[in-house]
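Participant: In the UniProt record's numbering, the protein residues as written are 1 to 96.
Built from N, CA and C at the ideal position, the CB exists for glycine as well.
These figures come from a predicted structure and were not determined experimentally.
(1) If you draw a straight line from the alpha carbon of residue 9 to that of residue 37, how long is it in whole angstroms?
(2) Would you call residue 86 buried or exposed, if buried means 16 or more other Cβ atoms sit within 10 Å of its Cβ?
(3) DSSP beta-bridge partners for residue 62?
(4) For a quick check, are the C-beta atoms of residue 63 and residue 54 less than 8 Å apart?
(5) Could you check which residue in 30, 23, 25 has the C-alpha nearest to that of residue 65?
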């Protein structure tokens, strides 16, 4: 008897402040990585599916992004402004 299946893992990579494409509000978006792994006897062996997505914390809208876009967003969250970002960063309404 062989027991096999899958198990999903959800990783939160970063939190960014972007302009939501669904509701139009500048809000925090979580960048998430969803990995599905093949298991044998309840032991996860190897990943066979990896998906990236951002989710608006204001309206809950989720948008899938590619691996390259996720890496750009992660670099943007770390402080580097490289590449073309997914959304517009929130601008401060009052400047001195």
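Facilitator: Straight from the coordinates:
(1) If you number the chain shown from 1, residue 9 lands on position 9. If you number the chain shown from 1, residue 37 lands on position 37. Within the model, the alpha-carbon separation for residue 9 versus residue 37 is close to 8 Å.
(2) Start at 1 with the first residue of the chain shown, and residue 86 comes out as number 86. Low per-residue confidence applies at residue 86: pLDDT is 46, beneath 50, and the placement is therefore not dependable enough to give any value.
(3) Start at 1 with the first residue of the chain shown, and residue 62 comes out as number 62. DSSP, once it has assigned bridges, lists 55 as partnering residue 62.
(4) If you number the chain shown from 1, residue 63 lands on position 63. If you number the chain shown from 1, residue 54 lands on position 54. Yes, these two residues count as a Cβ contact at 8 Å.
(5) The residue given as residue 65 occupies position 65 in the chain shown. For residue 65, the nearest C-alpha among the options comes from 30.
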